[in-house]
Every structure is written in C-alpha cells, then in structure tokens.
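A.B. asks: Have a look at this one before I ask anything.
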Ligand code: SF4
C-alpha cells in the first residue's frame, strides 16, 4: 500500500467486499485516497480489517474502468461512446420496442449484491413500474437464496439470527460449509478468539479448512462428509438429539410447532449415524459425538456458508439446521443461533430490497393484494400480481425466444453463473443486453449497451451485512462517470414514461422506510447518529435488533420441517469418477473483477485444482502440471496442486478467473426451492495435460 503523506481529510465508509461489512476511515490527501484505516467504532469489525478491505481498493481508479456510456447495434460491432442522454434514450426505446413485439414480460433486470440498498431498490422499482412486470432477480439467487427460503419457513424471517458479537458467548461453534478464514476473515478472528478462550469447534466440510487445525485452534471434530450429503448429516445429528433425549423440551413446548412429526421422522433408523456413515463417509461415532457436544452445550451456535446453500437440497439443509437449533433450544439469546456467512457485501440488502421475482421489499409476496396496494399507492403504478422470472428461467426463456431484453446491474453473470456455455448461448440470443458495471467484464462482451457504474468510493448510500447491520457508505470521491448509479434506473424509467426521481439517496431510504416495516425506523440521519443499526429497526426496536427471535419467533412459533434426504442426481461414474467442489481464497473476491485489478493479483494469479496425492498419483499428475477437467457440461484446464486437504475422490477449485474456472464445468442442477445452482457437486474426470 501506498502511503503518500499525511491525510488532509477522512471519510467514514464501509468495505465493499465481503458480508462482514467492516467500517473504514478513508484517508485522503487532497482528492487522492492514500489509505484505508479500519474504524475502531465499526460495529462489525471494531478496528479490525483484512487484506482485501485494507489494500485492495486500487480497482476504483484502475485504467480498465469505462467512464462513458457505450452502444453498439450488434455484439460484433465496435463500441461507440455516447452521452448519457443518448444511452438512456436508446435503452428505453429498445426495451419498449421489445415489449411491443414480444409482450410486457419479454424484458427484465438483475440487481447486484455489490451495489447499495438504494441502487438496488431503484432497479427493482424500475422493473416493477416502468417494465410493468416482476422479472427482477438478484445474484443472491446463486448464493444464499436457500437461506432466505429456509429461515423464513422455519423462523419467519429471511436473515441470520445473531450479531457477530454474539459468538463471544458461544460454548460450541459449528461451522458448516464455510471457510471463514478465507471468506470472512475479520469474523473468523472473532471466532478464533472465542475458540482460544476454550469454546469447542465442530467443522462439517469435505475439505480440511484452516480452522480445523491452525495455531492455537483445533477442531474437536472434523466431519469430512462427501459433497452432496449435508442433509443426511444434519438428519443424523437430529437423530442423536431425539433418540438420546437431548431435546430442550421446555423450549420446544413453549416456542415451537410440528415437533412431534419431525421427531417421529428423525428417529427412524434410516436417519441414524450408522446409516449416515454409509452416505456421508463420516464415522458414526464422530457424528454421535459431535451431536452430543452441540446439544449439551450451554450455548451452541451454527455458522454456515455456500457449502450449505449451493446444493440441490440447499433449502432443505437450511431448514435442517434450524430444526437442530430449535430442538436444542439454541435460538434467541447470545452465543447461539443459525447464522449465514453472506458472501458479497450487500447480499442481505439486495434480498431485503425486493430483488426476488416473487417478493416486494421486506420479503412480502407480490400476490398479496393488501401489500401490493400499499406499494401501488406510493408508487402510483399498477403492479403485476404474478411472480416473474428467476435468472435461470430468464436464460431458458431467452433460448426459447420469449425473453428478449435484460438489464444487468453490476454482476458478471457470464462468469459467475453455472454451465457457462448455456449462459453464453442465452445472452447471445437476446435482442438487447444492457450491462451497468465498472469494467467491460465477460457479460459486457455480449452486451449492446454499456452503462458505466461507480465504485464504492463514489457511492452514497447503505450496505447491509450478514448480521443485518445497515452501514453507511459515504462518497470519498465524485462519480468518475458523471452520474450516480441510482440515477441511471430512475432516468431509464422516466424515459419509458414512469416518473421516478429523487434529489438524494437519503430520499430513497426514506421511501424504503415507509414501505418496509423492518426498515421503518431507518434513516441516513439515524445511521449518522448511531453509526449503524441492525434491522428490524422500527417503533418496537428504534435502535435496531442485534438478536432475533428472543421472546418469540418472527412467525410466532418456530416451525419444525421434515427434511428428507434426496441424493443429488449428479453422481461419480466410471467416466466422471471424481467430485469437484468449489470455494474461494482470502486474497480474491468472487469473480475477481476488483481484486484482479489490485496488487492482490500477485498473490494468487490463477485458479488451481487441488487434488489428493492418491488421485494425482494414479493419474500420473505431479505438482504444477496442467490438467484437463472434464464434466458432462464442459472442459477446462487448470494447474494441479497436490493436497491432502481434500479426501480422495474429491477435487477442489476456485472461480476467481474468467473462462478457466469452475463454471465451465458446473451443471444446471439447482436447489429444488430456489434454483440456487449446485456449484458444490460436479462429477468430473481429471487427466494430465491441456487437451482443450
Ligand atoms: Fe472487507 Fe470482509 Fe475483509 Fe472486512 S473482512 S475488510 S468486509 S473483505
């Protein structure tokens, strides 16, 4: 990092990388950002930060940024720079032409979990008013949509139960399908502090992540289950709780419903640890011991990540963990709970803001007449009562010819979504693809209109982190593009004939507060006064709600849900004998658009394939060799890293680089409830050499 002299001013803002949501003081000399200093008063980070937040901000001023709108009639044409008025008029005209030819539902939009709540809110509002349909979805579709579904079904709210501070009171911490030291480093430090104080750790993950054994921290149990068997595992844990009489009967009787049906189901022999051993490959004795440790703890907390959600049974697994927490009374106080570690900085917020095709802001269903009426009155527009298309349905409908125009806000779907060749075919088939982003990313290579977006250093608004904490994002510099990102959808809507305008993003938050009961008490003024608040923030909780479901669940009684294990259809076979699973590393962030444009690139310059020594040896693969990974959907070439962090039969990679990473080979399988892709289970063959 460059420290170019004493700062002349400081702006307090929020990191734009992961869902921890660390607060920083951006120190400037004149107009130049010289360093990012973690804020001691930050509610999420208390003065700590990781390498990405501290050092990886150079992308904001990287020469690759596109600063002017651009248009081209065909994706084989050269881009043509135009002014904002021309670009916005062009988008509005083309979108209306498509609707005239193919119907109101032929266009839609995708919001970004990297943009502010205010940026996201205006995109979903543009789709619902100016576009006149509910074809809006979010990149959370491909990460934590099962969290939203599963926690709503069981607890009544689509969000994690605790604040980060709560981990300091946990006696037992269960980490499932998450790698906090790489994905959520500042929260991982808090967790490790508690573990060093004596809390016990259980890790449920196919890979031996750093937490399993690191300086001064060692997991009591590591359950390295086979990818795709989470539900069998959580059912076995529940089986031990029920059959060994470890249930918190007082809590269940007072607070929950449908327990008896679940208990009868879970007590069946097919859910025993012995049965689960056959499915998961984890010794039954370890499953029993881990279940006893969790159930007998004074306070036991579950933290989980995409290793839970990105499966064909992602939603089932979320509900399975909720069952476990309710059965043992581990909900509603410090040190307990079911806590998603959200990937992107504003993935919670993008969901809260009504980015799903079936839900208006605040997770209210579009088919609810009374709810729709409230929005219609304020927005002055009639809203469609039918849910719109999800992202994978948009792709399918594009290939069928009925979906023709797409607006993509700050998301590289061509790189991040599964089965790359299918995604490319769908995007290529569109009559109009509009990309709003910082860089000409992989998706923009297929676009007709490019609308330059702003980095977090230019934004004015809010992000909501994984603990529901709404943090202010304050502008460190003026928008290099000459336009705030929230203004773009407003102007497109206006050009399409719907009056949408705000003077300032605080007005957008004021509107959100009027329309969203959990945000009713939120305003920029309050955030400036308190630093941050955790929603629900309203008359009942004017300063926010660190822990949810304290006296009762949001839905009244917590609901047990029967969680039958249904194996994924993606199986290892003679032709594809290995299972590929995916993750991320500390120095990179998602598709790498930002971190690849910072000095971090020197630490991790490519995606690699981790392969067990036995699996490498039988294939004649040595450390550093190029290998070809082939699945039923595609083929890619990566460099091999021999590692016993994976069990035999399982290989692992990341997805930070375009056109080489995991999504070239991942399948179209997805969660039964939400269509979240099954990124974590792909049957592959690995062969030496670059064959493609
Ligand atoms: Fe940013 Fe996450 Fe690192 Fe905090 S932990 S500095 S939010 S990337």
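In UniProt numbering, the protein residues as written are 231 to 922.
Where a beta carbon is used, it is the ideal one built from N, C-alpha and C, also for glycine.
Quick one: is residue 608 buried, meaning 16 or more other Cβ sit within 10 Å of its Cβ, or exposed?
C.D. replies: Taking the chain shown and counting its residues from 1, one reaches residue 608 at position 378. Answer is exposed; the Cβ neighbour count stays below 16.
A.B. asks: Can you say whether residue 595 is buried or exposed, counting buried as having 16 or more other CB atoms within 10 angstroms of its CB?
C.D. replies: Here residue 595 refers to the residue found at position 365 when the chain shown is read from its first residue. With fewer than 16 Cβ atoms within 10 Å of its Cβ, residue 595 is classed as exposed.
A.B. asks: So does the region 258-267 actually touch the region 709-721, counting three or more Cβ pairs closer than 8 Å?
C.D. replies: Output reads no: the region 709-721 does not touch the region 258-267.
A.B. asks: Looking at the structure shown, is residue 231 part of a helix, part of a strand, or coil, going by DSSP?
C.D. replies: The sequence position of residue 231 within the chain shown is 1, counting from 1. Reliability fails at residue 231, whose pLDDT of 44 lies under 50, so the model's placement of it is uncertain and no value is given.
A.B. asks: Do you know whose CA, among 236, 241, 291, 872, lies nearest residue 684's CA?
C.D. replies: The residue you call residue 684 lines up with position 454 of the chain shown. Here the closest residue by C-alpha is 291.
A.B. asks: Taking any heavy atom of ligand 1 as the mark, which residues have a C-beta closer than 5 Å to it, listed down the chain?
C.D. replies: Cβ atoms closer than 5 Å to ligand 1 belong to 245, 247, 248, 250, 252, 279, 280, 282, 283, 415, 416.
A.B. asks: Can you tell me whether residue 755 is buried or exposed, with buried defined as 16 or more other CB within 10 angstroms of its CB?
C.D. replies: Position 525 of the chain shown, counted from the first residue, corresponds to residue 755. Exposed, because fewer than 16 other Cβ atoms sit within 10 Å of the Cβ of residue 755.
A.B. asks: Give the single residue among 836, 635, 843, 842 whose Cα lies nearest to the Cα of residue 868.
C.D. replies: Looking up residue 868 in the chain shown gives position 638. Among 836, 635, 843, 842, the Cα nearest to that of residue 868 belongs to 836.
A.B. asks: Do residue 525 and residue 558 have their C-beta atoms within less than 8 Å of each other?
C.D. replies: As a position in the chain shown, residue 525 is number 295, starting the count at 1. As a position in the chain shown, residue 558 is number 328, starting the count at 1. Against a cut-off of 8 Å, the Cβ pair of residue 558 and residue 525 comes out as a contact.
A.B. asks: Identify the residues that DSSP records as bridge partners of residue 256: which are they?
C.D. replies: In the chain shown, counting from the first residue as 1, residue 256 sits at position 26. Its beta-bridge partners are 241, 266.
A.B. asks: Flag this pair as touching only if the region 271-286 and the region 241-259 have three or more C-beta atom pairs under 8 Å; answer yes or no.
C.D. replies: Short answer: they touch.
A.B. asks: Skipping 5 residues on each side, what residues in its chain have a beta carbon closer than 8 Å to that of residue 703?
C.D. replies: Counting from 1 along the chain shown, the entry for residue 703 is found at position 473. Same-chain partners within the cutoff: 243, 244, 246, 346, 686, 689, 690, 691, 692, 693.
A.B. asks: Mapping DSSP to helix, strand and coil, what is residue 634?
C.D. replies: Taking the first residue of the chain shown as 1, we reach residue 634 at position 404. Residue 634 falls in the coil class under three-state DSSP.
A.B. asks: Does DSSP classify residue 910 as helix, strand or coil?
C.D. replies: The count along the chain shown starts at 1 and reaches residue 910 at position 680. Residue 910 falls in the coil class under three-state DSSP.
A.B. asks: Using the Cβ count rule (16 or more neighbours within 10 Å means buried), how would you classify residue 297?
C.D. replies: On the chain shown, residue 297 is found 67 positions in, with the first residue counted as 1. Classification for residue 297: exposed.
A.B. asks: Looking at residue 485: is its Cβ nearer than 8 Å to the Cβ of residue 780?
C.D. replies: Taking the chain shown and counting its residues from 1, the one referred to as residue 485 is at position 255. Taking the chain shown and counting its residues from 1, the one referred to as residue 780 is at position 550. For residue 485 and residue 780, no; Cβs fall outside 8 Å.
A.B. asks: Can you tell me whether DSSP reads residue 536 as helix, strand or coil?
C.D. replies: Taking the chain shown and counting its residues from 1, one reaches residue 536 at position 306. Reduced to three states, the DSSP call for residue 536 is helix.
A.B. asks: Please state if the CB of residue 461 and the CB of residue 546 are separated by a distance shorter than 8 Å.
C.D. replies: Start at 1 with the first residue of the chain shown, and residue 546 comes out as number 316. Start at 1 with the first residue of the chain shown, and residue 461 comes out as number 231. In this structure, residue 461 lies closer than 8 Å to residue 546 by Cβ.
A.B. asks: The alpha helix (DSSP H) that contains residue 355, what's its start and end?
C.D. replies: The residue given as residue 355 occupies position 125 in the chain shown. Segment 347-356, the alpha helix (DSSP H) holding residue 355.
A.B. asks: Note the first and the last residue of the continuous beta strand (DSSP E) segment covering residue 869.
C.D. replies: By 1-based counting over the chain shown, the position of residue 869 is 639. Looking at the DSSP string, the run of the beta strand (DSSP E) that includes residue 869 is 865-872.
A.B. asks: Please return the same chain residues whose Cβ sits closer than 8 Å to the Cβ of residue 444, not counting the five positions on each side in sequence.
C.D. replies: Residue mapping note: residue 444 aligns to position 214 of the chain shown, counting from 1. Counting only Cβ-Cβ distances below 8 Å, and skipping sequence neighbours, we find 411, 422.
A.B. asks: Could you pull the start and end residues of the alpha helix (DSSP H) that residue 504 belongs to?
C.D. replies: Against the chain shown, residue 504 aligns to sequence position 274. From DSSP, the alpha helix (DSSP H) with residue 504 extends over 503-510.
A.B. asks: According to the neighbour-count rule (16 or more other Cβ atoms, all chains shown, within 10 Å of its Cβ), is residue 667 buried or exposed?
C.D. replies: In the chain shown, counting from the first residue as 1, residue 667 sits at position 437. Looking at its Cβ environment, which holds 16 or more other Cβ atoms inside 10 Å, residue 667 is buried.
A.B. asks: Answer yes or no: do residue 386 and residue 784 have a C-beta to C-beta separation smaller than 8 Å?
C.D. replies: Position 156 of the chain shown, counted from the start, is the residue given in the question as residue 386. Position 554 of the chain shown, counted from the start, is the residue given in the question as residue 784. Yes. Within cutoff.
A.B. asks: For a quick check, are the C-beta atoms of residue 338 and residue 365 less than 8 Å apart?
C.D. replies: Walking along the chain shown from the start, residue 338 turns up at place 108. Walking along the chain shown from the start, residue 365 turns up at place 135. Taking 8 Å as the Cβ cut-off, residue 338 and residue 365 qualify as a contacting pair.
A.B. asks: Taking just the CA atoms, how far does residue 416 sit from residue 447?
C.D. replies: For the purposes of this step, residue 447 is taken as residue 217 along the chain shown, with counting starting at 1. For the purposes of this step, residue 416 is taken as residue 186 along the chain shown, with counting starting at 1. Their backbone Cα atoms lie some 16 Å apart in a straight line.
A.B. asks: For residue 496, report the span of its beta strand (DSSP E) as first-last.
C.D. replies: By 1-based counting over the chain shown, the position of residue 496 is 266. Premise fails: residue 496 lies in the alpha helix (DSSP H), 489-496, not in any beta strand (DSSP E).
A.B. asks: Run the CB neighbour count on residue 329, radius 10 Å, all protein chains shown included, and call it buried at 16 or more, exposed below.
C.D. replies: Translated into positions along the chain shown, residue 329 becomes position 99. Flag for residue 329 reads buried.
A.B. asks: What alpha helix (DSSP H) runs, 4 residues minimum, are completely inside the region 617-664?
C.D. replies: Here the runs fully enclosed are 621-630, 643-646, 650-658.
A.B. asks: Quick one: Cα of residue 487 to Cα of residue 789, how far?
C.D. replies: If you number the chain shown from 1, residue 487 lands on position 257. If you number the chain shown from 1, residue 789 lands on position 559. If you take the alpha carbons of residue 487 and residue 789, they lie about 5 Å apart.
A.B. asks: So, with DSSP's three-state summary, where would you put residue 444?
C.D. replies: The residue given as residue 444 occupies position 214 in the chain shown. Looking at residue 444 - three-state DSSP - the assignment turns out to be strand.
A.B. asks: Using only the alpha-carbon positions, how far apart do residue 612 and residue 359 sit?
C.D. replies: For this step, residue 612 is matched to residue 382 along the chain shown. For this step, residue 359 is matched to residue 129 along the chain shown. Those two C-alpha atoms are separated by around 7 Å.
A.B. asks: State whether the region 623-633 contacts the region 650-658, with contact taken as three or more CB pairs (one from each stretch) at a distance under 8 Å.
C.D. replies: With the cut-off at 8 Å, the region 623-633 and the region 650-658 touch.
A.B. asks: Taking residue 339 as part of the beta strand (DSSP E), name the residues at either end of that continuous run.
C.D. replies: Counting from 1 along the chain shown, the entry for residue 339 is found at position 109. 337-341 is the span of the beta strand (DSSP E), which, as asked, contains residue 339.
A.B. asks: Assuming residue 510 contacts residue 456 (C-beta within less than 8 Å), just tell me the rounded distance between them.
C.D. replies: Reading the chain shown from its first residue, position 280 is the one you call residue 510. Reading the chain shown from its first residue, position 226 is the one you call residue 456. Residue 510 to residue 456, Cβ: 6 Å. Contact.
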